[in-house]
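Residues -20 to -1, 1 to 337, numbered by mature numbering (1 follows the signal peptide of the UniProt record, and there is no 0), are exactly what the sequence shown covers, in order.
Glycine included, each C-beta is placed from N, C-alpha and C at the ideal position.
First up is the structure itself, then whatever we jot down about it.
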Amino acid sequence: MKRVLVLLALLFALAIPAHAEMDGDCVYTLYSADGNELTMRAGRMYVGDEYISSDNQLYRVASVDDANMTAIAEYIGPATVDEAASTAFASLIARSESEKKIAMYSTHSDESYVPSDGESSKLEDAGIYDVGEALAESFEERGIDVEYSKETFHPHDAGAYRRSRRTAEELLKDGPDALLDIHRDAIPAEQYETEVDGEDVSMVRLFVGRSNPNGDENKAFAQEIKAVADEEYPGLVKDIYIGKGNYNQELYPRALLLEMGTHEIEKEKAMASTDYIADVISQVLYGESAKAEETAEQSAVPSGIFWVIGAVIVIAVIYALASTGRLSAIWNKIKRTGSEMTGGVVGKKPDKGDKER
């Protein structure tokens, strides 16, 4: 009998961290010590979990009431970024464009969006892969190579991360700059609805597993992302939850779980947010904004044309001086040259009708 009890106790102990990594039907609510609601989470909260709010304040879970699915957090203070970990990211900035690479997969392969997919869980053609594809395309538009594994890891249970681990290890063999596990949350839609640059989008939650040797680096990576997002696209990153479990993040210092909206939000809003979060992550990893690069490229085209036109006109002036020595001839040659270079825009005489107008 004693052996049976010991075995049951051992099995229970092993089950706790597994459950920590599983989105269940239960939704826990986190409160501050003075009773203010801080956030919600689909899945159990544990003493020692940490939470970084939208305004970058750090809380730590001090007590949990499983019967009522609530938890109380103590206020720690303003969240700060680990400087040592932040410095490590800077080494990536010098990488050449051809070396940029991000790996992605989705451990909970059934996750879907009720308003768009008709149900929250689909064993085939799950909505989470549409969001993942949109994110991959957003990265690729910024010159980043993406390997997005479409492997599935059904069922959505405590063993999903164990099954997805092999895929994560395979993806890491190619040496990506980041390993992203793409999910969606399972809390009310209003917790994720927002607007960025006038567009209705879904917020993004960053989830870090604290039970792993890379926990500090993973957390610093998440904080770097949130800091850039807060500056570039306020309201895009909802918060950061640092929960019990490892979520395969012990495999890599720049591994992170992204919650792209929730099951009650329109999938299209989650897809719309991918361009913004891709731009943020690109800046964190490579120290540049693709949006700024695109603007610079667009402005460079017309300015380059005018430089060419200006140079041709100067040459025409010199040529005219050398060949005629007369001001009227100089002006006529300049007009003819400008007209030829611009298709008639420069040096064209106004029509009679234009004068009357």
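Exposure label - D97; buried when at least 16 CB within 10 Å:
Burial is judged here by how many other beta carbons sit within 10 angstroms of a residue's own beta carbon; D97 has at least 16 and is buried.
_By the DSSP assignment, the alpha helix (DSSP H) with R145 in it spans what residues?_
Counted as a single uninterrupted DSSP element, the alpha helix (DSSP H) harbouring R145 occupies residues A140 to L152.
Report task. Note down the Cα distance separating E204 from G139, rounded to an integer number of angstroms. Result -> Using only the alpha carbons, I get a separation of about 30 Å.
Could you give the DSSP three-state label for M251: helix, strand or coil?
DSSP places M251 in helix when its eight states are reduced to three.
message: Quick check on A53: buried or exposed, where buried means 16 or more other Cβ atoms within 10 Å of its Cβ?
response: By the 10 Å Cβ count, A53 comes out buried.
Worksheet entry | Helix, strand or coil at M183 [DSSP, three-state] | Taken through DSSP and simplified to helix, strand or coil, M183 comes out as coil.
Go through its chain and collect everything with a Cβ distance to M2's Cβ below 8 Å, but skip five positions before and after it. Reliability fails at M2, whose pLDDT of 40 lies under 50, so the model's placement of it is uncertain and the value that follows must be treated cautiously. Excluding sequence neighbours, M2 sits near G23, H136, D137, A138 and A140.
- Message: Is the separation between the beta-carbon of I167 and that of V44 shorter than 9 Å?
- Response: Going by C-beta atoms, I167 is not nearer than 9 Å to V44.
In the structure shown, what three-state DSSP assignment does Y26 receive? DSSP places Y26 outside both helix and strand once states are collapsed to three, so it counts as coil.
### Query
Whole-angstrom Cβ separation of R164 and I222, contact assumed at under 8 Å?
In this structure R164 is not in contact with I222, their Cβ atoms being roughly 19 Å apart against a cut-off of 8 Å.
Using three-state DSSP, classify P168 as helix, strand or coil. Under the three-state reduction of DSSP, P168 is assigned to coil, being neither helix nor strand.
Could you tell me the alpha carbon to alpha carbon distance between L10 and A158, rounded to whole angstroms?
L10 and A158: Cα-Cα distance of roughly 30 Å.
Open item on the list: So if DSSP puts I257 in a beta bridge, which residue, or which two residues, is it bridged to?
Closed with: None; I257 has no bridge partner.
- Taking three-plus beta-carbon pairs below 8 Å as touching, is the region 178 to 187 in contact with the region 121 to 132? Contact between the region 178 to 187 and the region 121 to 132 is absent, because fewer than three Cβ pairs lie under 8 Å.
| Residue burial classification, E63 (beta-carbon count within 10 angstroms, cutoff 16) | Only exposed fits E63, as fewer than 16 other CB atoms lie within 10 angstroms of its CB.
For the region 209 to 221 against the region 142 to 153, are there 3 or more C-beta pairs whose distance is under 8 Å? Output reads no: the region 142 to 153 does not touch the region 209 to 221.
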